[in-house]
Amino acid sequence: MATCKSIIRECGLATEAIVKERNFVRDIFGEYFLQNPARIGGPGHVVEIDQSAFSKRKAIVGRIIPTQWVFGGIDNQTKEGFLVLVPQRDAATLLPILQQYVLPGTTVMSDM
27 MATCKSIIRE
37 CGLATEAIVK
47 ERNFVRDIFG
57 EYFLQNPARI
67 GGPGHVVEID
77 QSAFSKRKAI
87 VGRIIPTQWV
97 FGGIDNQTKE
107 GFLVLVPQRD
117 AATLLPILQQ
127 YVLPGTTVMS
137 DM
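Last residue of the sequence shown: 138 in our numbering, with the numbers rising by one and none dropped.
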């Protein structure tokens, strides 16, 4: 991946223009992958799934930012994976996500 400095040196563009275009391209790719998620696994593959909570306390004291749960999986063979922010951790929420990101015929392992 080219750095901003290398693009400035090679193309002679202003930093603001480079940052704007880089953000534009990032947004396009991000939207594409949100609309067309890659699916992992398949017959003969094992995908491990798990959930994790993320929270942060501001400056060690003060209010705690609300906890955000993340659900994800990783294919043990290919090391491809997915992570999804989830509002709830029940089967009604997680099963459709699993079906969206994991191919049929995959062995799914979990300690949940």
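Using N, Cα and C, we set each Cβ at its ideal position, and we do this for glycine too. Quick caveat: nothing in here was measured; it's all calculated off a predicted structure.
Span of the alpha helix (DSSP H), counted from its first residue to its last, around residue i
i, result
"S81", "Segment: none, S81 is in no alpha helix (DSSP H) and carries neither H nor E."
"D116", "Looking at the DSSP string, D116 is not in any alpha helix (DSSP H), and its letter there is neither H nor E."
"R35", "30–37"
DSSP-derived helix/strand/coil call for residue i
i, result
"L60", "helix"
"T133", "strand"
"L109", "strand"
"I91", "coil"
Contact belief for residue i with residue j at Cβ below 8 Å, rounded distance in angstroms
i, j, result
"I75", "L124", "7 Å"
"M126", "F97", "According to the sequence shown, residue 126 is Gln rather than Met. Wrong, their Cβ atoms sit about 11 Å apart, outside the cutoff."
"C30", "V45", "7 Å"
Limits of the beta strand (DSSP E) - the one that residue i falls within
i, result
"I100", "94–101"
May I ask you to verify whether the region 104–116 touches the region 58–76, counting CB pairs closer than 8 Å and requiring at least 3?
-> yes
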